[in-house]
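**Q** Just so we're aligned, residue 1 is where the sequence shown starts under the working numbering, counting upward by one.
The structure's right below; bear with me while I get my questions together.
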Amino acid sequence: AMLRNNEDKLFLINPEVATLDISKLRINSMGLYIAEEKDGRIRLSIEGSQLIGPHARKNVLEISKEEVGKWLMGEDLERQAGEKGFVLIKHSNDFLGCGCAAKGRILNYVGKNRRVSAVHE
Numbered sequence: 001a002m003l004r005n006n007e008d009k010l011f012l013i014n015p016e017v018a019t020l021d022i023s024k025l026r027i028n029s030m031g032l033y034i035a036e037e038k039d040g041r042i043r044l045s046i047e048g049s050q051l052i053g054p055h056a057r058k059n060v061l062e063i064s065k066e067e068v069g070k071w072l073m074g075e076d077l078e079r080q081a082g083e084k085g086f087v088l089i090k091h092s093n094d095f096l097g098c099g100c101a102a103k104g105r106i107l108n109y110v111g112k113n114r115r116v117s118a119v120h121e
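See below:
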């Protein structure tokens, strides 16, 4: 089942949650955050990209090992994606989130709290 909060964030939840009386609870979110809907478009989270990515047939951008480090540190990538709008970022079999392709760049949406400060090989 899916839950949408007041910020249009989408969460994957167990359907059994519907049987609980949560009327007296103050809940901001529950379940696994997988996406955000904005202006009719869906932007997947890292976890959302890992769930949906293996089934995606378009808007998937394969990046190099060097680009993985830049991506995980929160940097935008200087790349043409072929498509404008949101693309899934992939390296080998790993999905690393979602970016927005525009003007020869892939804008990074990795949250500041999810970024790494250094990448060691």
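Ideal Cβ positions, reconstructed from N, Cα and C, are used throughout, including at glycine.
All values derive from a computational prediction rather than experimental measurement.
Express the C-alpha separation of Glu37 and Asp76 in angstroms, rounding to a whole number.
**A** Here residue 76 is taken as the residue at index 76 of the sequence shown, counted from 1. Here residue 37 is taken as the residue at index 37 of the sequence shown, counted from 1. Rounded to the nearest angstrom, the two C-alpha atoms are 21 Å apart.
**Q** For the beta strand (DSSP E) containing Leu72, list its first residue and its last residue.
**A** Translated into the one-based positions of the sequence shown, residue 72 becomes position 72. Careful: Leu72 lies outside any beta strand (DSSP E), inside the alpha helix (DSSP H) at 65–72.
**Q** Between Arg79, Asn6, Asn14, which has its C-alpha nearest Asn28's C-alpha?
**A** Locating residue 28 in the sequence shown gives position 28, where the first residue counts as 1. Measuring from the Cα of Asn28, the nearest candidate turns out to be Asn6.
**Q** Considering only DSSP beta bridges, list what Ala101 is partnered with.
**A** Taking the sequence shown and counting its residues from 1, the one referred to as residue 101 is at position 101. Note: Ala101 sits in a beta bridge opposite Gly85, Ile106.
**Q** Under a three-way DSSP split, which group does Lys112 fall into?
**A** In the sequence shown, counting from the first residue as 1, residue 112 sits at position 112. Lys112 falls in the helix class under three-state DSSP.
**Q** Would you call the stretch 64–79 and the stretch 43–54 touching, i.e. three or more CB-CB distances under 8 Å?
**A** Output reads no: the stretch 43–54 does not touch the stretch 64–79.
**Q** Determine the DSSP secondary structure at Glu36, reduced to helix, strand or coil.
**A** Along the sequence shown, read from residue 1 onward, the residue named residue 36 stands at position 36. Three-state result, Glu36: strand.
**Q** Tell me the DSSP secondary structure of Glu47 in three-state form.
**A** Along the sequence shown, one-based indexing puts residue 47 at 47. Helix.
**Q** Just mark Val87 as buried or exposed, buried being the case when its beta carbon has 16 or more other beta carbons within 10 Å.
**A** Residue numbering aside, residue 87 sits at position 87 when the sequence shown is read from its first letter. So Val87 counts as buried.
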